[in-house]
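Inspection log for the structure reproduced underneath, given as structure tokens.
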Amino acid sequence: MNVTKGTIGWIEVICGPMFSGKSEELIRRLRRAEIARQRVQIFKPAIDRRYAQDQIVSHSDLRIRSEAVSNAAELQARVDVRAEVIGVDEGQFLGPELVEVATRLADMGKRVLIAGLDTDYLGRPFHPMPELLAVADEIMKTLAICMQCGNPAKHTQRLVASSDLIVVGAEGMYEARCRRCFEPNLAAVHAATATTIPD
Numbered sequence: 002m003n004v005t006k007g008t009i010g011w012i013e014v015i016c017g018p019m020f021s022g023k024s025e026e027l028i029r030r031l032r033r034a035e036i037a038r039q040r041v042q043i044f045k046p047a048i049d050r051r052y053a054q055d056q057i058v059s060h061s062d063l064r065i066r067s068e069a070v071s072n073a074a075e076l077q078a079r080v081d082v083r084a085e086v087i088g089v090d091e092g093q094f095l096g097p098e099l100v101e102v103a104t105r106l107a108d109m110g111k112r113v114l115i116a117g118l119d120t121d122y123l124g125r126p127f128h129p130m131p132e133l134l135a136v137a138d139e140i141m142k143t144l145a146i147c148m149q150c151g152n153p154a155k156h157t158q159r160l161v162a163s164s165d166l167i168v169v170g171a172e173g174m175y176e177a178r179c180r181r182c183f184e185p186n187l188a189a190v191h192a193a194t195a196t197t198i199p200d
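Going by the working numbering, the first residue of the sequence shown is number 2, and it counts up by one from there.
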């Protein structure tokens, strides 16, 4: 990181597919800030209850305490004015207002770290992450390992039948896929098969 410490704030975005180490990297950066005795405040979406309600938990079981919020407005309302570093996991679930909130916090002199999926299960940009990338001062793009062939993976493959944009899950519901192995319509095929096969 090349940003100098001082009264100027900035935004760091960590993005990529599932199983690429985004939460792990976010936790690493937040722990370093805590070791430096900076005031750190951490948030996650209330919808994400996969491992713990009051912690960000990586797939490798790294954990850090966090507050659950429903949207960006609630996050902003709960920010402690004394906080120097604001961490946010799964930013794609907090709505389009997250861009404005993150910008406002950075303008107040805070370091804002946001991790999230940059694309959805169909391979489309997962808003508001693209807009956050546009206003970020620093961007880290993480890659996973394709669970089909072992190549670098940039996609999140949904394995369950659902056309909903948001289906919170982990292993068994999703896997990382490379560009060649990614099948964006796989969930739709599973849904069609499930409705046509009799019991």
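Even for Gly, the Cβ is constructed at its ideal location relative to N, Cα and C.
With distance defined between alpha-carbon atoms, name the residue in the options nearest to residue i.
i	options	result
residue 9	107, 161, 98 and 77	107
residue 59	36, 28, 11 and 76	28
residue 63	47, 101 and 22	22
residue 65	19, 37 and 30	30
residue 109	115, 86, 116 and 125	86
What did DSSP end up calling residue i once you bin it into helix, strand or coil?
i	result
residue 183	coil
residue 106	helix
residue 168	coil
residue 44	strand
residue 25	helix
residue 56	strand
residue 91	coil
residue 100	helix
residue 153	strand
residue 199	Its pLDDT being 39, under 50, residue 199 is placed unreliably by the model, and the measurement read from it follows with that caveat. Residue 199 falls in the coil class under three-state DSSP.
residue 131	helix
residue 30	helix
Could you tell me the distance, in whole angstroms, from the CA atom of residue i to the CA atom of residue j?
i	j	result
residue 123	residue 175	12 Å
residue 177	residue 78	35 Å
residue 55	residue 67	5 Å
residue 195	residue 42	Legend: pLDDT at residue 195 = 47, less than 50; position of this residue unreliable, value from coordinates given subsequently. Approximately 44 Å, taken between the alpha carbons.
residue 71	residue 88	15 Å
residue 165	residue 127	13 Å
residue 73	residue 93	10 Å
residue 50	residue 181	31 Å
residue 34	residue 167	31 Å
residue 83	residue 101	20 Å
residue 57	residue 69	9 Å
residue 185	residue 11	34 Å
residue 192	residue 163	For residue 192, the predicted model reports a pLDDT of 48, less than 50, meaning its position is unreliable and no value from the coordinates is stated.
residue 197	residue 187	Note on residue 197: pLDDT 40, under 50, position unreliable in the model; the coordinate value appears next. Approximately 16 Å between the Cα atoms of the pair.
Confirm, please, whether the CB-CB distance from residue j to residue i is below 7 Å.
i	j	result
residue 45	residue 90	yes
residue 142	residue 18	no
residue 139	residue 25	no
residue 16	residue 148	no
residue 115	residue 133	yes
To which residues does DSSP link residue i through a beta bridge?
i	result
residue 13	114 and 139
residue 66	56
residue 86	41 and 112
residue 126	120
residue 146	153
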